[in-house]
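Those sequence lines, one after another, are chains A and B.
Sequential numbering from 1 applies to the first sequence in my numbering.
Sequential numbering from 1 applies to the second sequence in my numbering.
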Amino acid sequence: MKDVVVIGGGPSGLAAAPEIGKKGYDVTILERNGELGGLLQQCIHEGFGTLLFDKSLSGPEFADIFINRVHDTGVKVELETYVKSVEKREDGFEMTAVTPKGVEIIKTRSLVYAIGCRERNRFEIKIGGTRPAGVLTAGTVQRLVNLYGVLPGKNPIIVGGGDVGLIVARHLYLEGVESILMVYPEEFFSGLPRNAQQCILDFDIPYRPRTTVKRILGDKKVEAVELVKVDENWDMIQGTEEIYRCDSVILSVGLVPYSEKVEELGAEIDCKTNGPVVDEFFETTVEGVFSVGNLVQIFDYVDDAVQTSFVAAQGVDKYLKGFSSKRDKPVKLKPGKNVGTVTPQVIAHDADDDIKIFFRPGIEKEGARIELTSGKEVLKHQKKRYVRPSTLEEMELPRDILSKKKEVMVDVR
Amino acid sequence: MSISRKVKKVLKKFPYDISFVVDEGIVLLEGEVNSHQEWVKIGLNIGDIKGVKGVVNEIRWKGMKEGKTRAERRENIASKNERKRLGKHEVVIIGGGIIGCSIARELSKFKVDVALVEKGPDVSLGQTRANNGMVHPGLAPSKGSLKRRLNVRGNEMYGELCEELDVPFKRVGSLILITSRTLKKYKRYLPLGLNTGFCKYILPWLVKKKADRNRLKGVEILRGDDIKKEVKGVTDDVISAVKIPSTGIVDPYELTIALYENAKKNGVDFYLDTEVVGFAKEDSMIRGVITDKGVLGAHHVVNAAGLYSDEIAELADTKEFTIHPRKGVELLFNKRIQDDVEHCLTELTLPSHPTSKGGGINPTVHGNIIWGPTAKEIESKKDTSVDKKDIDEIMERYSKVLPDFPRSEFIRYFAGVRAPSFTEDFIIRPAKEVQNLLHVAAIQSPGIASAPAIAEYSVEMLDKMGLKLERDESFDGSRRAMDRAAEMSDDELRSRIQEEQRWGNIVCTCEMVSEAEIIEAINRGAESFDAIKRRTRAGMGECQESYCLLRIADIMSKELDIPLKNVKKEWAESEFFDGTVRGEEG
C-alpha cells in the first residue's frame, strides 16, 4: 500500500509530489504521457517562474526545476499510465491503471488529483456553420507548431483572446503566416495584459474586440468565417455580419477542469469553477482525496497553480497522520454577485495559519473594494486599484474572523 | 378524375403559371415560383395526389443556383473516362450508404458478381452518418405504403442481423407521450375537461389501434405513475402514453461498416472514391456505368445514391422523381449525464406534421442521449450547417418533455440531410425508361429500420428483372466487431497488452481508445481521421478531439507513411494542417 498517489505529472503534480515525499512518505506520480511536465513541455515561450523564482523561464525550464525535486526526494514515477478507474476501499483507494506493460492494480492511502484542464471547443460556445477540417484548439496548435514544426494553416483566425491564443498568435505571426486576425468578445483581451502587450500589440497583429465567429464556412476545409459584432452581454448584433476568408480557426475560448474522474469518485463539483469543491488544504468532499492546480480552478499563472500543491502537501501530511483539526461544521465561502469563482469553497479546519483564497472578479472596476462579509457584518475589506475578470485575485483570510460563522461571502464593490 | 385533372386542380391553388405533363403516373412540372418554399409546397401537393408515382419538379425558384455546372462537370469527366475499362460485374450498386451496403450484402448470399461504387472515401458518409440510430417500430407510415410494409419487416429482422454482424442493437422500446400540448391546435373546439379525457382515454386507444393494425406486438397504454416509472423526470404535463416494445436503437454507421466488411468478405468489390458521372447505354439498357476512374460493365444497376438518386436517374435518361433535401439537426449529450433515458421518447402533437415524425429523445447504444432531429427543407443537398437557432429550437422543444434534464451539457451538434421524394414514400422499382436499372431511392426515415427489408425486397425485384440468383453455399454472414479496450475486463486487456503493448497506450482518454485500436481501424481500411473515429469512437467523448486529435494524427502519419500535414479529416482536400515552420522543408 502506497501512502500517496499523485495523478498527473504536470506542474501541479510535480510540485505536490516532492513536497509530500520529503516528509518521508511513499509517493508515486502517475503520468499518462511518456514524459513529465504536462503542458509546460509545449510552452517554449518565457514568463514562467516570475513569482516563485523571480526569473522568467521557459515551460520546460520551469518543469525541470520540479522534475529535479521529484528525483531528489525519491518520488516514484510511472509514465504512460492511464488511470482507468479508482474505487474507495476501507483502508484507502484501489486504482486500475493501464500501461504498455499491462494492467496494474495500485493501492494507496490517499490520492492527489493533479490532472489539470482541457480546452473548451467550438461546440461549447455554440459556433454555428459547418464542421470542416481546420478548426483546432489553441493548445493543439501550440503542440503542433512547437513539437512537430507544422502550421495549422496559412491564413488562421484566432477566436478568443485567452493566454494560449495570444501566445499562439505571436508564434504563427513569427513563423510567417500570410494573414492572421484575432477576434474576441470582450472589450479587452481576456488573457493577461502582459501577454496582450508582448504578443499582439508589440507586433501590430490585427485584432478586433467585441467580435465573435457566428458561423464557420467550408465544406471539406475551412474556407471562411462569418464574423459578427457583439454587445457588452456578448449578444450578437444583427446586421454586423461580415465574411472573413481564412483557412483555419484556432479557438482560445477558455479552459475547463477535468473533473469527470473526481466526480465519479463521489466528489462534489462546484458549478462555478467546474472543479471539485475543496477545503483550505485542497481536500475534496471525499476524505483522503485532494485536488490541486488547474483542476481546482483555472489559474492565470503556473506559479499560483503550484502554490495549491504546496498547501495540499501539508494537508496530505495531516490527513495521513489523522486530522485532528477538523471543525464540526465547515465554513462555506461563497462568491458574491460581482465575483465569478472563489476557492477554496469551504474552510474545514481549526488551525493557526492564515488562509489564502483566490477569486475571479465577475466585473471590471477601477478603485474596487473587496469585502468579506457574513450576513450584514463586514469581516474584512481591502482596496484594489483595478479588478477585471481576466485577472485572478488573491487575498489573505485570517482564521480568527471565521469563528462561529457559517458562511462567508466574497464580493467586489 | 384523371391524374391530369387533379394536378390541374391543385395547381390552381397557386398563383403561378406552371405547366405539367403526366406520363404513367409521373408528373413533370415546369415554371417559375417566388421561393424555394413554394417549390417544396407545390411538389408536395402534387405528390400527395392518389396515383402519382413520382414528381419531377423542374420548377425554378427565384434566386435558385444554376445547376448546369454540375452536369457539365460530369460530362467532362465522363468524356475523359468512357473508354477506360475499370471492371465488369453482373450487378453494380451505386451508393455506399446503409441501403447500398445492405443490398450488397444481401446479394453476396448468391452466386452473383457484385460491385458497389461510392464517391466518398468510406461508406456511410451521406444520410446514414447523421442518423440518430432509432430503429422505428413501423407505427407512423400510412396504410398501404411501401414504407409501412418494409419498416415492420425490417424492424423484425434487426435482432438476428446485428447478432450476425456483431453490432450493438438494443430493443429499448419507445413511448409516445400524449400531453396537454398534444391537442393544443384544437383547443378552440375542446373544453379543458374534454381535452384531458380525450388525451387520457381515446387518443392512446387510437394510437394502440393503429399499432395493432400494423401488427406491432406487446403495445401497452400507460397512465399516471406508470409513465413516471418508465421515464424518470418526465413532465407533469403528460396525460397518457403508448409503449411500443419493439422499437430499437443501433449505431447506423457501425452497422453500415459491418455490412460493408461482411459483403467484402463474401466477394463484393467496393470501388470507393469513385464517382458515377454517366452511363453507356444501348437502347433502353445500361451497358456500362461511367465513373471518374473508368467504366464498369454491368448487367444490372441499382440506384441507391441517396440524396443524388434523382441525378443518377437523370444521367440514365429516366427522370422519374426529384429529391427535395430536408435537413435534420441533432444534439448529442455527454455520457456523464446521470438522468437515464431508457426508452425512445416522442411527444405526440396533432395534427401530425405532414413530412416529419417530429424527432425525439433517444438513448444511443454507446450511452449518450441524443435529441432531434429537426426538419427543415433546404436548397442545397450539401447544407449540413447548424445554427444557434437550430440548437435553441431543439432545446426548447424537448425540454418540455424532460424539464429538469441538464440541457446545456451537450457535447456536439451536427446535421444530416434526408433524401425524400415528393410522394414521401420509398421508391423501389425498375426504372421506367431503362430495363436493367432498379431505383432504390427516396429512402428517408424510417430508412434505417427498413434497410434489411429493403435489401430483401430489392433482391426480389432484381430477380423479377431477370437477374439469375443461385444461393452461394459458401456465404459466411458473420463478422467480428473491433475489439475495444474500454469494454474489456482487466484480465482480457492485460493479456492483449502482453501480445501487443500498444493496447496499453490509451490515446483517447474520454472514450478510452488505445493505439492498437487506431491501428486496427487503419488495417480495416480507414484512411482518414473520421473513418477511424467511426470505427473506434476516438474523439467522440466530452472533449471532442481536443486531446486526441494530434496524437491520432501522429499515429496515422506513421502507419500510413504520410507527412503529418497530409493527414485528412475525411475527404480529399480536407487536411487538418497546412504549412511548416521556418527552416523546415515544406
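All C-beta atoms, glycine included, are put in the ideal place defined by N, C-alpha and C.
Along chain A, in chain order, which residues have C-beta atoms closer than 7 Å to that of residue i?
i	result
W571(B)	K220
K388(B)	K126, G128
R623(B)	The requested residue 623(B) does not occur in the structure, where chain B is confined to residues 1 to 586.
T384(B)	T130
N505(B)	E80, P100
M540(B)	Within chain A, no residue comes near M540(B); the closest Cβ sits about 12 Å away, beyond 7 Å.
D490(B)	T96, V103
I391(B)	K126
L564(B)	Y148, V150
With DSSP as the reference, identify every bridge partner of residue i, one or two as the case may be.
i	result
L443(A)	This structure gives no information on residue 443(A), because the portion of chain A shown stretches from 1 to 413.
Y413(B)	L331(B)
T28(A)	V5(A), K76(A)
V86(A)	M95(A)
R326(B)	E377(B), R418(B)
V21(B)	L28(B)
H589(B)	Outside the shown range of chain B (1 to 586) lies residue 589(B), about which nothing can therefore be said.
F359(A)	V342(A), E393(A)
E282(B)	M285(B)
Q197(A)	Q197(A) pairs with nothing; no bridge assigned.
F577(B)	Partner(s): none; F577(B) has no beta bridge.
M482(B)	Beta-bridge pairing links M482(B) to no other residue.
N303(B)	I94(B), H439(B)
L333(A)	V408(A)
M182(A)	I158(A), Y207(A)
If the cut is a Cβ gap below 8 Å, which residues of chain B does residue i touch?
i	result
E78(A)	None at all; the shortest Cβ gap to chain B is about 12 Å.
R215(A)	S385, D387
R32(A)	I506, T509
R143(A)	L550
F123(A)	F410, I411, R412, Y413, Q544
K55(A)	Within chain B, no residue comes near K55(A); the closest Cβ sits about 27 Å away, beyond 8 Å.
Find the residues of chain B that neighbour residue i, judging by a C-beta separation of less than 9 Å, and give them in chain order.
i	result
E119(A)	C543, S546, Y547
G134(A)	K569, S574, E575, F576, F577, D578
For a contact defined as C-beta to C-beta under 8 Å, what are the partners of residue i on chain A?
i	result
R74(B)	Here the premise fails: no neighbours, minimum Cβ distance about 18 Å.
Q498(B)	G102
R484(B)	Here the premise fails: no neighbours, minimum Cβ distance about 13 Å.
Q607(B)	Any answer about residue 607(B) is impossible in this case: the structure gives chain B only from 1 up to 586.
Q597(B)	Residue 597(B) lies beyond the stretch modelled for chain B, which goes from 1 to 586, so this question has no answer here.
Name, please, each residue of chain A whose Cβ falls closer than 9 Å to the Cβ of residue i.
i	result
R480(B)	Within 9 Å Cβ-Cβ: nothing; R480(B) doesn't reach chain A, min ~23 Å.
M556(B)	Neighbours of M556(B) on chain A: none; closest Cβ ~13 Å, over 9 Å.
Q127(B)	Within 9 Å Cβ-Cβ: nothing; Q127(B) doesn't reach chain A, min ~16 Å.
I want to verify the contact list: residues of chain B whose CB lies under 7 Å from the CB of residue i, in sequence order.
i	result
F62(A)	Those within 7 Å of F62(A) in chain B number zero; the least Cβ separation is about 22 Å.
T140(A)	S546, L549, L550
Quick one: which unbroken beta strand (DSSP E) runs of 3-plus residues sit fully inside the region 201-268 of chain A? Chain order, please.
-> 211-217, 224-229, 242-245, 248-251, 255-257
Which whole runs of the beta strand (DSSP E) in the region 122-194 of chain B are 3 residues long or more, in chain order?
-> 174-179
Short-range partners of chain A found in the region 329-345 of chain B, where Cβ spacing is below 7 Å | R336
Which residues, in order along the region 145-179 of chain A, keep a beta-carbon less than 7 Å from a beta-carbon of chain B?
-> V145, Y148, G149, V150, L151, P152, G153, K154, E175, G176
Residues, ordered as in the chain, of the region 393-425 of chain B that lie near chain A by beta-carbon distance below 8 Å = F410, I411, R412, Y413, F414
Identify every run of the beta strand (DSSP E) within the region 222-276 of chain B, keeping only runs that are complete inside it and at least 3 residues long; order them along the chain.
-> 238-244, 248-250, 269-271
Mind checking the region 241-265 of chain A against chain B and listing, in chain order, the residues whose C-beta falls within less than 8 Å of any C-beta there?
-> D247, S248, E260, E263
On the three-pair Cβ rule with 8 Å, is the region 238-248 of chain B touching the region 199-207 of chain B?
-> yes
Segments assigned beta strand (DSSP E), at least 3 residues, entirely inside the region 56-109 of chain B = 85-94
Can you list, in chain order, the stretches of the beta strand (DSSP E) that have 3 or more residues and sit fully within the region 357-425 of chain B?
-> 360-363, 369-372, 410-418
Check each residue of the region 86-111 of chain A: if its Cβ is closer than 7 Å to any Cβ of chain B, include it; give the result in chain order.
-> T96, V98, T99, P100, K101, G102, V103
Three CB pairs or more closer than 8 Å across the region 390-405 of chain B and the region 295-307 of chain B | no
List in chain order: all unbroken beta strand (DSSP E) runs of 3+ residues lying wholly within the region 116-148 of chain A.
-> 117-119, 135-137
Going along the chain, which residues of the region 199-212 of chain A sit with their C-beta nearer than 7 Å to a C-beta in chain B?
-> none
Evaluate contact between the region 458-470 of chain B and the region 425-445 of chain B, counting only Cβ atoms and requiring at least three cross-stretch pairs below 8 Å.
-> yes
Is there contact here, the region 572-586 of chain B with the region 132-151 of chain A, by at least three beta-carbon pairs under 8 Å?
-> yes
Check distances from the C-beta atoms of the region 264-283 of chain A to those of chain B and list, in chain order, the residues that come in under 9 Å.
-> E264
Are there three or more Cβ pairs, one per stretch, closer than 8 Å when the region 139-156 of chain B is compared with the region 116-129 of chain B?
-> no
Are at least three pairs of beta-carbons, each pair with one atom in the region 151-169 of chain B and one in the region 268-283 of chain B, less than 8 Å apart?
-> no
Specify whether the region 185-195 of chain A and the region 161-172 of chain A touch according to this definition: at least 3 beta carbon pairs, one from each stretch, less than 8 Å apart.
-> yes
Please confirm if the region 100-118 of chain A is in contact with the region 2-11 of chain A, defined as three or more CB-CB distances below 8 Å between the two stretches.
-> yes
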